[in-house]
Amino acid sequence: MRAARRVVVKIGTNALTNATGRFNRAHFEALSEDLLWAARDRELVVVSSGAVALGVERLGLPARPKDIPGKQACAAVGQSRLMQAYEEAFGRADRRVAQVLLTHGDVQDRRRYLNVKHALERLIEAHVVPIINENDTVSVDELKFGDNDTLAALVAGGVEADALVVLSDVEGLYTADPRKHPDAQLMPQVDAVTPELLALAGGSGSQVGTGGMATKIRAAARVTELGVRCVITSGAVPGRLRAVLAGEPVGTLFETSGSRRSARMAWIAHALKSKGRVLVDEGARTAVVTAKRSLLPSGIRSVEGDFGRGDPVDLVDARGEVFARGLSAYDAGELRRIAGLKSTDIEPALGYRYIDEAVHRDDLAVL
């Protein structure tokens, strides 16, 4: 972590607010000093929550609204206050910051995703610190990342960061929920994210935040397969970011995996939202996962959803497990008509044939 030159820091709502969900300015100032220290000899990108919580405070609401229009209104009021706080904090050291608001639609489309990537690169080259948040004011379910942990992982991959530091209200990953099990032990390092590891994670315990430990672990899994180390630690402890970047053993370190996905495969696996499901037999699953082959129509059992040619679809096995995501070579209606057929039977069934594969291996990412 000491050698990391480009660092993405994700700051959760709970790291910016007190126990009642109100903005903690004293703690924010201490955290800003850590960010400025990190930015002195590193390239820094910040993914910051807090807009909705600040809006709740500004509007005098007793708690975070549960309805979407209420959350959007709070985000609209709070986002300007959040950026003002960062402007003032970084301005004292004569550092410039830039507001970047994103929706999932900005990464779902490959061209827009690359536009975002290039814009962030230009800001970093200009020694500007991007302050990134989800555009909650205009986001609806189909355009939402769901949490800033997911957003931070996509940003870290997009800017080809060396490290992702997730600052939250927890010290890291424990062997059990420390709120229920006082004898739970902090796990200092994780070499691979497994289903058993995800089972240790609980949900969000906050009225002002959206992401729980499970989302943080999934974010760590996404970046480590790109060669990006990740540390999850507490943002409530002053100086914790400095400790992480100094290589001290704090929080939980997620090590990089042995093999690395290409940027395009990572985009398919993590940036895209599936528009349908293709249920396949065991032979097709083995061909895709083990033999790294394309999905052929003969291995398809059924098709769910309404999607077009080139849309992302999830591949599902007989146990109901989603094991891969890819770009469909045919639309949903066409796939239903050729499901179970050999590739040579595609043209007789449809009257035409694009390619022999339902999902080509070049457009297919195993999850």
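Going left to right, the sequence shown walks through residues 5 to 371 as my numbering numbers them.
Just so it is clear, CB atoms sit at the ideal spot from N, CA and C, and this is done for glycine as well.
Keep in mind that this is a model prediction, so the values were computed, not measured.
Would a C-beta distance cut-off of 8 angstroms place residue i and residue j closer than the cut-off?
i	j	result
valine 163	leucine 204	no
valine 254	lysine 220	no
valine 227	valine 235	no
alanine 57	threonine 24	no
glycine 239	methionine 5	no
alanine 77	phenylalanine 32	no
valine 315	glycine 303	Note that residue 315 corresponds to aspartate in the displayed sequence, not to valine. No, these two residues do not count as a Cβ contact at 8 angstroms.
arginine 233	threonine 260	yes
valine 12	alanine 156	yes
alanine 328	leucine 371	yes
asparagine 152	threonine 107	no
glutamate 361	leucine 319	no
alanine 343	serine 298	no
lysine 75	proline 69	yes
Would you please state the rounded distance, in angstroms, between the beta carbons of residue i and residue j? I believe it to be under 8 angstroms.
i	j	result
valine 293	leucine 331	Between leucine 331 and valine 293 the Cβ distance is about 18 angstroms, and since that is not below 8 angstroms, they are no contact.
leucine 317	serine 278	Before going further, note that residue 317 is valine rather than leucine in the sequence given. Correct: roughly 6 angstroms between the Cβ atoms.
valine 101	isoleucine 135	5 angstroms
leucine 158	valine 111	6 angstroms
isoleucine 359	alanine 333	5 angstroms
leucine 368	valine 282	Incorrect: roughly 11 angstroms between the Cβ atoms, too far for contact.
arginine 10	alanine 165	5 angstroms
leucine 105	asparagine 137	6 angstroms
threonine 256	glutamine 189	That pair is no contact at about 11 angstroms.
alanine 295	leucine 230	Wrong, their Cβ atoms sit about 24 angstroms apart, outside the cutoff.
alanine 34	serine 172	Incorrect: roughly 16 angstroms between the Cβ atoms, too far for contact.
Pull up the DSSP beta-bridge partners for residue i, would you.
i	result
serine 52	Ile15
serine 306	Leu283
serine 4	Any question about residue 4 goes unanswered here, given that the chain covers just 5 to 371.
glutamate 47	Arg10
leucine 257	Gln193, Val235
proline 316	Leu331
phenylalanine 27	Thr21
proline 134	Ala102
valine 363	Leu299
valine 370	Ala328
Select from the options the residue whose C-alpha is nearest the C-alpha of residue i.
i	options	result
lysine 121	Ala80, Met87, Arg268	Arg268
methionine 87	Ala67, Leu202, Thr348, Val50	Val50
arginine 44	Lys346, Arg357, Arg246	Arg246
glycine 312	Ile15, Gly280, Arg289	Gly280
alanine 55	Arg289, Ala160, Thr141	Thr141
alanine 130	Asp187, Ala7, Leu48	Leu48
aspartate 99	Pro73, Ala8, Val132	Aspartate is not the amino acid found at residue 99; the sequence shown has arginine there. Looking at the Cα atoms, Val132 is the closest of the given residues.
phenylalanine 258	Ala273, Thr198, Gly303	Thr198
alanine 273	Arg114, Ile342, Ala343	Arg114
alanine 30	Arg297, Val241, Arg365, Arg264	Val241
leucine 40	Pro182, Pro66, Leu201, Phe94	Phe94
arginine 365	Ser347, Ala291, Arg305, Ala343	Ala291
leucine 118	His185, Ala79, Glu92, Gly161	Gly161
glutamate 91	Gly344, Glu37, Thr179, Gly74	Glu37
serine 84	Gly59, Ala97, Gly74	Gly59
valine 174	Ser347, Leu345, Gly216	Gly216
alanine 275	Gly64, Ser53, Ala7, Thr154	Thr154
leucine 201	Ile350, Ala218, Ser347	Ala218
threonine 21	Pro186, Ala42, Ser52, Ala97	Ser52
alanine 97	Ala42, Pro73, Arg264, Gly64	Ala42
arginine 62	Lys346, Pro73, Ala79, Gly355	Ala79
glutamate 325	Gly355, Asp349, Leu354, Arg289	Arg289
Would the beta-carbon of residue i be found less than 7 angstroms away from any heavy atom of the ligand FMN?
i	result
threonine 256	In the structure on display, the ligand FMN does not appear, and there are no ligands present to speak of.
In chain order, each alpha helix (DSSP H) run of at least 4 residues that lies wholly inside the stretch 136-200: 152-162
Any alpha helix (DSSP H) of 4 or more consecutive residues that is wholly inside the stretch 93-123: Taken in chain order, the whole alpha helix (DSSP H) runs of length 4 or more contained in the stretch 93-123 are 109-112.
Entirely enclosed beta strand (DSSP E) segments - the stretch 318-345, minimum 3 residues: 326-331
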